[in-house]
């Protein structure tokens, strides 16, 4: 899985571990804005605020979000493809 979005067979992976609020959500928003609307994104981060911020961002973007796991302070979210709001 690459970070460049060329591999459409799986989600683009954003490794945002170590970044503090608001950087994880800002970098995720930037990635979503540059990718096709149907491209899924996997976000890996360690900021506890991301547990609130990432799902809210996905909702604002009209995309489904799933928390995959949250072990040892690492949060992983999968943001699915969806339509951007008008």
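Numbering (UniProt numbering), first residue to last: 1 to 86. The beta carbon of each residue, even a glycine, is placed where N, CA and C say it ideally should be.
Under the three-state reduction of DSSP, residue 19 is assigned to coil, being neither helix nor strand. The UniProt domain "UPF0033" (13-79) is shown to contain whole alpha helix (DSSP H) runs of 4 or more residues at 23-34, 50-60, in chain order.
By the neighbour-count criterion, in which 16 or more other beta carbons inside 10 Å mark a residue as buried, residue 68 falls on the exposed side. If you draw a straight line from the Cα of residue 49 to the Cα of residue 38, it is about 26 Å long. At least 9 Å separates the beta-carbon of residue 24 from that of residue 32. In its chain, beyond the 5 residues on either side, 78 have a beta carbon closer than 6 Å to the beta carbon of residue 66. Straight across, the Cα-Cα distance linking residue 35 with residue 29 is about 10 Å.
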